[in-house]
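Accompanying notes for the structure given below.
Number of protein chains: 2
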Amino acid sequence: MAERISDAEHAVMEVLWEEAPLTAQDVAERVDPERGWSTNTVKTLLGRLLAKSAIAHEEQGRRYLYRPLVARDDYVMGESRRLIDRLFGGRLTPLVAHLAERDELTAQDISEIEALLKDLKA
Amino acid sequence: MAERISDAEHAVMEVLWEEAPLTAQDVAERVDPERGWSTNTVKTLLGRLLAKSAIAHEEQGRRYLYRPLVARDDYVMGESRRLIDRLFGGRLTPLVAHLAERDELTAQDISEIEALLKDLKA
DNA sequence: CCCTATTGACTACGTCTGTAATCGGAGTAG
DNA sequence: CTACTCCGATTACAGACGTAGTCAATAGGG
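Going down the list, the sequences are from chains F and S. By the numbering used here, the letter at position 63 of the first sequence is numbered 80, and the numbering carries on one by one without gaps. By the numbering used here, the letter at position 99 of the second sequence is numbered 116, and the numbering carries on one by one without gaps.
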């Protein structure tokens, strides 16, 4: 089931997570223009996502409406875990430490996370 | 330079980050046995990493000694940023929040990170 | 009813990846 | 000198990916 969503496919998923159901046409129109994809490319990606059961489609007249089957949260969680496991021995602290060391954290980030953690303990 | 290191290649890099320089043979012996790679496979990966300048080799008699050119920290940072940008709009807080929501944080994690952040402000 | 525009399905194709066998040259044991 | 061995380099090959063209069916416009 966890058929591993590729990068290009992910771009399509983002569209459907944002709004669904949509027709292939709609999706093509909403994909990040950065990509510069042709409609056909988007259709192929939709087809592949269907094949891996990441999305589903229901007939609507002579076209299909696509909707995500995988929740964004689940995908995001999976990817995050994969990275943390692979690079930080499965622990979040080293990641935060790493970002901190490289000055990738703003004062605001720090406050936000502190507040968040405080809440967690409550 | 930033030739994007693949997953299999990454496994080889981990060995060299752990200890270097090493011969191809040494690397093959130290790669995670989980992978079950033949020596040839490791050699191919070393070749590809050379091609993308992620590692370098120096002649030592009849063989080569391989050493990393890319620092682990840089690699790790790059991958982390990529994930955070792609999935969390470039901000760390949502990632932490996400992990928290899914109960992926232990009490110890929380304390550690709090301590870390406290230090940062000092 | 016939032509054209639309839509999903199928096909294409070069690149990258994972995995490995093979080839050719250089020492090494006789 | 000769057969063998060790090593890096070259080649192989299937499956995933990014990207897109073509085909067949269908639904409207005349």
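A virtual CB, placed ideally from N, CA and C, is assigned to each residue, including glycine.
1. Would you say S/SER55 reaches chain F, if we count a Cβ-Cβ gap shorter than 9 Å as a contact?
2. For the candidate residues S/ALA25, S/THR40, S/HIS115, whose alpha-carbon lies nearest to that of F/ASP90?
3. Are the CB atoms of F/ILE130 and S/THR61 within a distance shorter than 9 Å?
4. Within 10 angstroms of the Cβ of S/ASP126, are there 16 or more other Cβ atoms? Answer buried if so, exposed if not.
5. S/THR58 touches chain F at which residues, Cβ-Cβ below 8 Å?
6. Counting only Cβ pairs nearer than 8 Å, list the residues of chain F close to S/ILE130.
7. Taking the alpha carbon of S/ASP136 as the point to measure from, which residue in F/GLU35, F/GLU118, F/ALA132 has its own alpha carbon closest?
8. Check whether chain F comes within 9 Å of S/HIS11, counting only Cβ atoms and requiring the distance to be less than that.
9. Can we say the stretch 60–80 of chain S touches the stretch 71–78 of chain F, given the rule of at least three CB pairs closer than 8 Å?
10. For a cutoff of 9 Å on Cβ pairs, would you count F/VAL48 as touching chain S?
11. Beta carbons nearer than 7 Å to chain S: which residues of the stretch 78–106 of chain F have them?
12. Cα-Cα, which of S/ALA68, S/LEU112, S/GLN42, S/ASP49 is closest to S/THR56?
13. Going by the beta-carbon positions, is the gap between F/VAL44 and F/TYR92 smaller than 9 Å?
14. By the criterion of Cβ-Cβ separation under 9 Å, what are the contact partners of F/ALA117 in chain S?
15. Which residue from S/LEU122, S/LEU134, S/ARG103 puts its Cα closest to that of F/ALA28?
16. Distance check for S/LEU112 and F/ALA68, CA to CA, integer angstroms please.
17. By the three-class DSSP mapping on this structure, what secondary structure does S/ALA124 have?
18. What does S/ILE127 touch in chain F if you count any residue whose Cβ is under 8 Å from its own?
19. Since F/HIS74 sits in a beta bridge, which residues does DSSP pair it with?
20. DSSP puts S/LEU39 in a beta bridge; with which residues?
In short, the structure shows the following:
1. No, S/SER55 lies away from the interface with chain F (no Cβ there is under 9 Å from its Cβ).
2. Here the closest residue by C-alpha is S/HIS115.
3. Not closer than 9 Å, so no.
4. Answer is buried; the Cβ neighbour count reaches 16.
5. The premise fails here: S/THR58 is roughly 19 Å from chain F at the closest Cβ pair, so nothing lies under 8 Å.
6. Residues of chain F whose Cβ lies closer than 8 Å to the Cβ of S/ILE130 are, in chain order, LEU109, THR110, VAL113, ILE130, LEU134.
7. It is F/GLU118.
8. Outside the modelled stretch of chain S, which goes from 18 to 139, sits residue 11 of chain S, for which no answer is possible.
9. Cβ pair count under 8 Å is below three, so no.
10. Output row for F/VAL48: interface = no.
11. Within the stretch 78–106 of chain F, the residues whose Cβ lies closer than 7 Å to some Cβ of chain S are VAL93, MET94, GLU96, SER97, LEU100, LEU104, listed in chain order.
12. The option with the nearest alpha carbon to S/THR56 is S/GLN42.
13. Taking 9 Å as the cut-off, the beta carbon of F/VAL44 is found no closer than this to the beta carbon of F/TYR92.
14. Close partners of F/ALA117 in chain S (Cβ separation under 9 Å): LEU133, LEU134, ASP136, LEU137.
15. Restricting attention to S/LEU122, S/LEU134, S/ARG103, the CA atom closest to the CA of F/ALA28 is found in S/ARG103.
16. Linking F/ALA68 to S/LEU112 through their CA atoms gives a straight-line distance of about 29 Å.
17. In the structure shown, S/ALA124 adopts helical secondary structure according to DSSP, grouped into three states.
18. Per Cβ cutoff of 8 Å: LEU134, LEU137, LYS138.
19. Its beta-bridge partners are F/TYR83.
20. The partner list for S/LEU39 (beta bridge, DSSP) reads S/TYR83.
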